[in-house]
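Mapping the sequence shown onto numbering that gives the first Met the number 0, position 188 (from 1) lands on 187, and the numbers just tick up by one. Don't be surprised by glycine CBs; every beta carbon is placed ideally from N, CA and C. Being a predicted model, the structure only gives us computed values, none of them experimental. I have placed the structure first, in the form of structure tokens, so that the comments after it can refer back to it.
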Amino acid sequence: MARRYGVSRVTVRQALGVLERAGLLSRQRGRGTIVSPPKVVRSLAPVTTMEEDLARQGVKLETRILEFERRHPAPATVRAKVGGRRPSRVGFLTLLRLVDDRVIAYDRSYFPTDLAARFEPESFDGPMLEAVRELAGSPVTWVDWEIEILPAPREAASALGITPRLPVVVSTSTLWREDDTLIIRTERFYRIDRVKFRHSTRYPSSPAPIDAARPTGAAVNR
């Protein structure tokens, strides 16, 4: 490339680095530098599970269970979301999400131990929301959802195959039952070089101005 474009190797490396940081290229050990495939698209509205969203687009999602504990120490972020007596233990599940054998996201979910005691990971085929909702035996009545960009913690970075502290999109959702008890809290870490988010809205046509809609010669009260 240096010979073809008449530039130095340092310039080529810098240009490739810019393209890699933009998510257009990836450098893989043993394979070299390759062009990144198109990003997976997540729809922001209507709010649906990842499985429903990608299936509607004709994209096949693969889910792998990495870890499951029926009694896991409850993080402070989870205890703060639970009203009344705050549990010291919760069910804990981590999932890896892949499209075309490429990791696109990593999930870690927390849910009540009474649901975790009846959860069977061997028969789980997703989505996780539907599984715990069925175990809870009651509909979801309240959802809290937020999205932010954060440095990837070591655990998530290892699962995603990226360097710790690189930026990731973190989608956090918390769901409650009618009696305000927690159903599930999920933290999902997206690779920003493999996923993008989209929302489209069609606005209604603007109404015609009053003067334009008034018949010629009509009186106007002021």
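Among the bridge pairs identified by DSSP, serine 172 is matched with Trp144 and Thr185. In the DSSP secondary-structure assignment, alanine 104 is bridged to Arg96 and Tyr189.
Here DSSP, grouped into helix, strand and coil, assigns arginine 28 to coil. Sorting Ser108, Thr10 and Val131 by C-alpha distance to the C-alpha of threonine 76 places Ser108 at the top. Residue environment analysis places tyrosine 105 among the buried positions, since at least 16 neighbouring C-beta atoms fall within 10 angstroms of its C-beta.
Short of 7 Å from the beta carbon of glutamate 145, and not among the five residues preceding or following it, lie these beta carbons of its own chain, in chain order: Thr171.
Here leucine 114 is buried. Its C-beta has 16 or more other C-beta atoms within 10 Å. Under the DSSP assignment, leucine 18 falls in the alpha helix (DSSP H) whose first and last residues are 8-20.
Of the candidates Thr32, Leu23 and Asp179, Asp179 places its Cα closest to the Cα of valine 142. Following the DSSP letters along the chain, one finds serine 199 in no alpha helix (DSSP H), marked with neither H nor E. Taking each of Phe188, Leu43 and Tyr202 in turn and checking the Cα distance to arginine 96, the smallest one comes out for Phe188. In the three-state scheme derived from DSSP, where H, G and I count as helix and E and B as strand, proline 120 is classed as helix. Taken atom to atom, the span from the alpha-carbon of proline 166 to that of methionine 49 is near 21 Å. Leucine 65: member of the beta strand (DSSP E) spanning 61-72, first to last residue.
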